[in-house]
């Protein structure tokens, strides 16, 4: 995100969706599964999806980056490589079996930023 600090504009895609979890959250969930062995195949991911644009717009102020120079774009505008439009998976079976809701992305973005802030010298 260096171009943002230098006042340059960057394109953020509003039609690519992702639902990834931070590694620490994923490891904590796997630990819970190991403590309570399950049978079957389960999806472990965040409950919701965010566009790459929404994730970047949420993340930028947490890292003291300016957001004014972010330009929302469609990946279709300039296709450089084929990509899936959504990388999310259905976590309902895991939530029902474990009796707990999966995390939502904005909450995880804030917690990762807090970890980053606390680790900075």
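In our numbering, the protein residues as written are 694 to 814. Cβ coordinates follow ideal geometry from the N, Cα and C atoms, glycine included. Fair warning: this is a prediction, and the values are worked out from it, not measured in the lab.
Counting C-beta pairs closer than 8 Å gives fewer than three between the segment 726 to 735 and the segment 757 to 771, which falls short of the contact rule. For residue 787, the uninterrupted alpha helix (DSSP H) segment begins and ends at 785 to 791. Around the C-beta of residue 801, 16 or more other C-beta atoms lie within 10 Å, and the residue is accordingly described as buried. DSSP lists 765 as the bridge partner or partners of residue 705. DSSP places residue 758 outside both helix and strand once states are collapsed to three, so it counts as coil.
When secondary structure is reduced to three states using DSSP, residue 711 falls in the strand class.
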